[in-house]
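Numbering (full-length UniProt numbering), first residue to last: 1 to 258.
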C-alpha cells in the first residue's frame, strides 16, 4: 500500500513538472521571437533611420505574409520543442517508475527469502529443543515439571545410578530452574546429572545421603556397587550427615536431600 502511494505520488509530480516545463519552453520561445522582432525594428529605425510609420506600412503592405510565416514557424517550433520536452520527461518518468518497481520487487524477494530461511532455522532449532525436552509417555514437556524427586532404598544404587537417560532428563529440568530432591540412596541417581557448566550437579553444593557408617551398620557394604558417600565426595559435593539413621535435611541452590 505504501509503495503504491509513493509511485502514484511520483507520477503525479512528474506530470506536473512536464506541464510546467512545456509551458515555460513555449513562453521562452514566444519571448525570444518578440525580442527578435523588436530588435529588428529598433535596428531599422535607429541604424537605417527609416520612420516607424514607413516600417508599419511596409510590413502591413509588403511583408505581412512573411511576418505571418515567421510567427507560424516560431509557434510551431515552440510547440515542437515543448512536445519533445514532454516526451523526454515522460520517458524519464517511466524509466524511474520501472526501476523503482524492480528494486522494490527484488528487495521484497530478498526479504521473503531471508525470512523463510531464518524462520525455518529457528523453527528447526526450536523443534530439536522441544523433542529433547518432550515426555512421550505423558505428552508434556519436561521443562513444565516443577520438580524431580529420587526415592530411597537400595534400588537406585543398581539402576538410577547407571541410567543416563533419566540423568539427562533431570539435567534438562534442573537447568530450567526446577527443583531436584532425593532421600537416602536416591542421590545415586544424581551421579550423571550436570548443571549448566557441565559439572556434576552436586559439585560445590551441600548434600547428604546414606552414609558409609550406615551401610556398615546394615552390613551391606560388601554387596553395594559403590559407597554413595564416597562417590558424592569424589564428585565435589559438600557432604554432611547426622548420627547413623537420624534425620538430616540439606537444602541448597535448587537441590534438597533428606
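Note that CB positions come from ideal geometry on N, CA and C, so glycine has one too.
- Exclusion of the five residues before and after residue 28 leaves no residue of its chain whose Cβ lies closer than 7 Å to its Cβ.
- Bridge pairing for residue 207: 239 [DSSP].
- Between the segment 196-207 and the segment 232-248 there are three or more inter-stretch CB-CB distances shorter than 8 Å, so the stretches are counted as touching.
- Under the three-state reduction of DSSP, residue 193 is assigned to coil, being neither helix nor strand.
- Judged by DSSP secondary structure, residue 177 falls outside any alpha helix (DSSP H); it is assigned neither H nor E.
- For residue 157, the uninterrupted alpha helix (DSSP H) segment begins and ends at 155-158.
- Annotation for residue 213: the continuous alpha helix (DSSP H) segment containing it runs 212-217.
- Its chain contains 244 and 245 as the residues whose beta carbon lies nearer than 7 Å to that of residue 214, once the 5 sequence neighbours on both sides are disregarded; these appear in chain order.
- In chain order, 170, 173 and 180 place their CB closer than 6 Å to the CB of residue 148, counting only its own chain and leaving out the 5 sequence neighbours on each side.
- By the Cβ neighbour-count rule, residue 208 is buried, with 16 or more other Cβ atoms within 10 Å of its own.
- Residue environment for residue 249: exposed (fewer than 16 other C-beta atoms within 10 angstroms of its C-beta).
- Here residue 206 has 238, 240, 250 and 252 as same chain residues with Cβ atoms under 7 Å from its own Cβ, once five neighbours each way along the sequence are excluded.
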